[in-house]
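Only one structure is covered here, and it is reproduced in the block below.
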Amino acid sequence: MIPACNSSPPALRAEPTGAISVLEIASSRYDPTGARGDGPALAADCRQWSLTRLQAETYFRLSKPITMAEAHEFDTLPCTISGKLRADDRIWDFEINAGATAIWRSGIDLRMFGCADPACAPLVRSMPDRGDE
Numbered sequence: 006m007i008p009a010c011n012s013s014p015p016a017l018r019a020e021p022t023g024a025i026s027v028l029e030i031a032s033s034r035y036d037p038t039g040a041r042g043d044g045p046a047l048a049a050d051c052r053q054w055s056l057t058r059l060q061a062e063t064y065f066r067l068s069k070p071i072t073m074a075e076a077h078e079f080d081t082l083p084c085t086i087s088g089k090l091r092a093d094d095r096i097w098d099f100e101i102n103a104g105a106t107a108i109w110r111s112g113i114d115l116r117m118f119g120c121a122d123p124a125c126a127p128l129v130r131s132m133p134d135r136g137d138e
């Protein structure tokens, strides 16, 4: 078997090695494209959701790198908060989804994160269902 077919690309699983500093953070953004369920209620909930720079840093400290396959354990909601952060001596664009996942982008590098830690609950709108754990 080809080794590259056996694992996730390293950039997707990379864990930050140092401090994370949120430089900019925007208001939440609702995107109804593909939204299911009660759109008006989701839009209203999204408008009420906000994070400070410190709260976003806390989210990233509690979250863990995830693969695309692991991302399916989380809800994807039509509500995000974006911004810029500094980590690993680079500037990254980030997007936190209200369903407790996040993406960092810097050039062609992409990192995905998910937070299942109960301490993330006040920072997002939906936590992953952990079943019988």
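Be aware that the sequence shown starts at 6, since it is given in this note's numbering, and climbs by one per residue.
Here a beta-carbon is modelled for each residue, glycine too, at the ideal position from N, C-alpha and C.
Nothing here was measured: the structure is a model prediction, and the numbers come from that model.
task = Please report how far the alpha carbon of R58 lies from the alpha carbon of D98, in whole angstroms.
result = 14 Å
key: Local Cβ density within 10 Å of I30, reported as buried at 16 or more and exposed below that   = buried
ask   = So, is A49 buried or exposed, given that buried needs 16 or more other C-beta atoms within 10 angstroms?
value = exposed
ask   = With DSSP run on the structure shown, which of helix, strand or coil describes F99?
value = strand
Cα-Cα separation, T72 to T22 = Our two residues, T72 and T22, have alpha carbons roughly 18 Å apart in a direct line.
query = For T106, does the count of other Cβ atoms within 10 angstroms reach 16, so buried, or fall short, so exposed?
reply = buried
ask   = If we ignore side chains and look at the alpha-carbon of each, how far apart do R34 and G119 end up?
value = 19 Å
ask   = Got a sec, what are the start and stop residues for the beta strand (DSSP E) D36 sits in?
value = Premise fails: D36 is in no beta strand (DSSP E) and is neither H nor E.
Whether L128 touches L56 by CB criterion (8 Å) = yes
ask   = Since R110 contacts P70 with CB under 8 Å, what's their CB separation in whole angstroms?
value = Not really, about 14 Å apart at Cβ, beyond 8 Å.
request  = Kindly indicate the opening and closing residues of the alpha helix (DSSP H) around M73.
outcome  = 73-76
request  = Please specify which runs of the alpha helix (DSSP H), each continuous and at least 4 residues long, are wholly inside the segment 52-91, giving them in chain order.
outcome  = 58-67, 73-76
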